[in-house]
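Enquirer: Below you'll find the structure I mean.
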Amino acid sequence: LVALGQRLDFGQNRHLQEAFRLSCLTSGLSESILRVHFQHIGAAFDRTEMRRMMERSCGVEYLEGWVDQGAGRFSGLTARTRAFGARTVHVIAGNAPIVSILTVIRNALTRSDAIIKLPSNDPLTASALVRTMVEMDPDHPLSKHVSVAYWKGGDDQVESAIYDPRGVEKIVAWGGFDSVKHITRYLQPGIDLITQDPKLSGTIIGREAFADEETLGQVARRLALDIGAQNQEGCVSARVIYVECGTDEAGLERANRLGQMTFDALQRLPDHLSTPHKAFDGALKAEIDGIRLNDEDYRIFGGRANEGAVIVSQEEYPVDFSRTLACRVGNIVPIDSRETAVSAVNAYTQTIGIFPESLKDELRDRLAFQGAQRIVSLGGAATMQHNMERQDAIEPVRRMVKWVTEEQASGEMLAALAG
């Protein structure tokens, strides 16, 4: 894998260059953002970080051999456990190249077999990685145990043959609600579904943000990152932002001020992180235009073309179309109490960016009980991630392997049980 990373030099690898050119046509990410992703693909294959990933998830010793499990409940019974790879179909998302990268790395490190279903909005990144592997050494076990393919989702003739427990043990499914729901048709004993479900992310900002103009400016810049980084293409990006500013006239003035500053900061984000969306959602634009005249209920900053927008609700409620916010559009919701924000969290919530840190410490246990899956410092939702083996409150790498246990007891003891 380390040698593969060295071959994934964007300036030299023609497969990556081809994947980049096609992604520029199909991806929701702009060319400047995609270029940075492709230039850093090789760095993902870092030996130290890959080893850390496996230590934190499975434990390298479990992948290398049988690990003694110590004393059990029955005297004289011993056990050893080992993690084995599985025959897996990966139905991956195409919102960013990292999904293809993680899939190839996880399959290799768990010593699994993979069929990777290519997404229509990133059709060649996984293929570029695998083609490079084959060029390096077509007979290497890692090259021989991974395949890529494309078929139209919902093609029963193809999928009924692939999703067969005689050949497949696990399905790792990324993507939208309809895609994941469709796959459940094929579940039966012998097939384990690991879902990276579609999620929504948000923000909670405490009253401390309004301590002074300098603090408010920093909060606005960090909020712009959570809304705009990666053009809001990921589940981690903020959509609805609860702000503890109050709902009286003074509170609404504070919310609107933050909205204006956040929109301004959004326009200044560097183009390797965010740009005006190249294919702004027409239905979303119609929704924004529809509420623009209702200035008693909403204040809108931007949203005239493809520059993005910040919608500030003038009451304690998000817009009706909050689940479809995209293309660098966020909705600030003023609240009197942080309890309103906590009660809005549910099992569909992935990441929550919080300011200040003291508020994060105060709320993290309650947010987890409500359903939140990742709690971060404001500004870090889509720009930083401590590790890549935990996602959506599960450990997908750990679930990708089969945990096989071998037990041993003395023959005399077992014979004695028979009487």
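98 is the number that this note's numbering gives to position 96 of the sequence shown; each next residue is one higher, with no gaps.
For glycine and all other residues, C-beta sits at the position ideal for the given N, C-alpha and C.
Sorted by chain position, which residues of the same chain lie with C-beta nearer than 6 angstroms to residue 280's C-beta, five sequence neighbours on each side aside?
Expert: Residue mapping note: residue 280 aligns to position 278 of the sequence shown, counting from 1. 32.
Enquirer: How many Å lie between residue 411 and residue 84 at the Cα?
Expert: Taking the sequence shown and counting its residues from 1, the one referred to as residue 411 is at position 409. Taking the sequence shown and counting its residues from 1, the one referred to as residue 84 is at position 82. Cα to Cα, the separation comes out at about 18 angstroms.
Enquirer: Given residue 176, which residues of its chain have a CB within under 7 angstroms of its CB, disregarding the five upstream and five downstream residues?
Expert: By one-based count along the sequence shown, residue 176 stands at place 174. Once the five neighbours on either side are set aside, the close Cβ partners of residue 176 are 93, 94, 95, 101, 198.
Enquirer: For residue 331, tell me which candidate among 239, 252, 272, 47 has the shortest Cα-Cα distance.
Expert: Here residue 331 corresponds to residue number 329 of the sequence shown, with the count starting at 1. If we check each option's Cα against that of residue 331, 239 comes out closest.
Enquirer: Is the region 378-398 in contact with the region 68-82, if contact means three or more CB pairs nearer than 8 angstroms?
Expert: Contact fails: fewer than three Cβ-Cβ distances are below 8 angstroms.
Enquirer: Check whether the region 199-215 and the region 334-351 are in contact - that is, three or more C-beta pairs closer than 8 angstroms.
Expert: Result yes; three or more Cβ-Cβ pairs closer than 8 angstroms.
Enquirer: Could you pull the start and end residues of the alpha helix (DSSP H) that residue 324 belongs to?
Expert: Position 322 of the sequence shown holds residue 324. Unbroken run through residue 324: none, as it is neither H nor E.
Enquirer: Is the beta carbon of residue 303 sitting closer than 9 angstroms to the one on residue 248?
Expert: By one-based count along the sequence shown, residue 303 stands at place 301. By one-based count along the sequence shown, residue 248 stands at place 246. Not closer than 9 angstroms, so no.
Enquirer: For residue 125 and residue 213, I'd like the C-alpha separation in whole angstroms.
Expert: Translated into the one-based positions of the sequence shown, residue 125 becomes position 123. Translated into the one-based positions of the sequence shown, residue 213 becomes position 211. Answer to the nearest angstrom: the Cα atoms are 48 angstroms apart.
Enquirer: Out of 329, 273, 405, 244, state which residue places its alpha-carbon closest to the alpha-carbon of residue 355.
Expert: On the sequence shown, residue 355 is found 353 positions in, with the first residue counted as 1. Considering only alpha carbons, the answer is 244.
Enquirer: Do residue 47 and residue 118 count as a contact pair if the criterion is CB distance below 9 angstroms?
Expert: As a first step, residue 118 is located in the sequence shown; it is residue number 116 there, counting from the start. As a first step, residue 47 is located in the sequence shown; it is residue number 45 there, counting from the start. No.
Enquirer: For residue 400, which residues of its own chain have a beta-carbon under 7 angstroms away from its beta-carbon, when the five flanking residues on both sides are left out?
Expert: Taking the sequence shown and counting its residues from 1, one reaches residue 400 at position 398. Contacts found: 59, 60.
Enquirer: Under 8 angstroms: do the region 255-273 and the region 206-226 share three or more Cβ pairs, one atom per stretch?
Expert: Result yes; three or more Cβ-Cβ pairs closer than 8 angstroms.
Enquirer: Using only alpha-carbon positions, find the residue among 360, 242, 407, 419 that is nearest to residue 82.
Expert: Translated into the one-based positions of the sequence shown, residue 82 becomes position 80. For residue 82, the nearest C-alpha among the options comes from 407.
Enquirer: Curious, which full-length alpha helix (DSSP H) runs of at least 4 residues does the region 142-166 contain?
Expert: Entirely contained in the region 142-166, the alpha helix (DSSP H) runs reaching 4 residues are, in chain order, 143-146, 158-164.
Enquirer: Cβ of residue 318 within 9 angstroms of Cβ of residue 337?
Expert: Here residue 318 corresponds to residue number 316 of the sequence shown, with the count starting at 1. Here residue 337 corresponds to residue number 335 of the sequence shown, with the count starting at 1. Contact flag set, yes.
Enquirer: Take residue 178 and list the residues in its own chain whose beta-carbon comes closer than 6 angstroms to its own, dropping the five residues that flank it on each side.
Expert: As a working note, residue 178 is residue 176 in the sequence shown. Hits under 6 angstroms: 200.
Enquirer: Residue 135: buried (16+ other C-beta within 10 angstroms of its C-beta) or exposed?
Expert: Numbered from 1 along the sequence shown, position 133 holds the residue referred to as residue 135. Burial call: buried.
Enquirer: Could you tell me which whole alpha helix (DSSP H) segments of length 4 or greater appear in the region 42-101?
Expert: Runs found: 49-59, 62-66.
Enquirer: Would residue 233 be called buried (16 or more neighbouring beta carbons within 10 Å of its own) or exposed?
Expert: Within the sequence shown, residue 233 is the residue found at index 231, counting from 1. Result: buried.
Enquirer: For residue 383, does the three-state DSSP call read helix, strand or coil?
Expert: Taking the sequence shown and counting its residues from 1, one reaches residue 383 at position 381. It is coil, neither helix nor strand.
Enquirer: Kindly give me the distance between the Cβ atoms of residue 128 and residue 105, rounded to whole angstroms, as I take these residues to be in contact under 8 angstroms.
Expert: Working through the sequence shown from its first residue, we reach residue 128 at position 126. Working through the sequence shown from its first residue, we reach residue 105 at position 103. 7 angstroms between Cβ atoms; contact.
Enquirer: Report the three-state DSSP secondary structure of residue 12 (helix, strand or coil).
Expert: As a position in the sequence shown, residue 12 is number 10, starting the count at 1. Three-state result, residue 12: coil.
Enquirer: Using only the alpha-carbon positions, how far apart do residue 2 and residue 259 sit?
Expert: An answer regarding residue 2 cannot be provided, because it is not within the stretch 3 to 421 covered by the chain.
Enquirer: Can you list, in chain order, the residues of its chain whose CB lies under 6 angstroms from that of residue 80, leaving out five sequence neighbours each side?
Expert: As a first step, residue 80 must be located in the sequence shown, where it is residue number 78. 410.
Enquirer: Taking residue 147 as the reference, give the member of 132, 254, 171, 287 with the closest Cα.
Expert: To locate residue 147, count along the sequence shown from 1; it is residue 145. Nearest C-alpha to residue 147: 132.
Enquirer: Consult DSSP for residue 234 and reduce its assignment to one of helix, strand or coil.
Expert: Here residue 234 refers to the residue found at position 232 when the sequence shown is read from its first residue. Residue 234 falls in the helix class under three-state DSSP.
Enquirer: If residue 97 sits next to residue 236, beta carbons under 8 angstroms apart, how far is it from one beta carbon to the other, in whole angstroms?
Expert: Within the sequence shown, residue 97 is the residue found at index 95, counting from 1. Within the sequence shown, residue 236 is the residue found at index 234, counting from 1. 6 angstroms between Cβ atoms; contact.
Enquirer: Relative to the C-alpha of residue 191, which candidate in 168, 18, 27 has its C-alpha closest?
Expert: For the purposes of this step, residue 191 is identified with residue 189 of the sequence shown, where counting begins at 1. That would be 168, whose Cα lies nearest to the Cα of residue 191.
Enquirer: Mind checking whether residue 402 and residue 90 have CB atoms under 9 angstroms apart?
Expert: Residue numbering aside, residue 402 sits at position 400 when the sequence shown is read from its first letter. Residue numbering aside, residue 90 sits at position 88 when the sequence shown is read from its first letter. It is a contact, given that the beta carbons lie within the stated cut-off.
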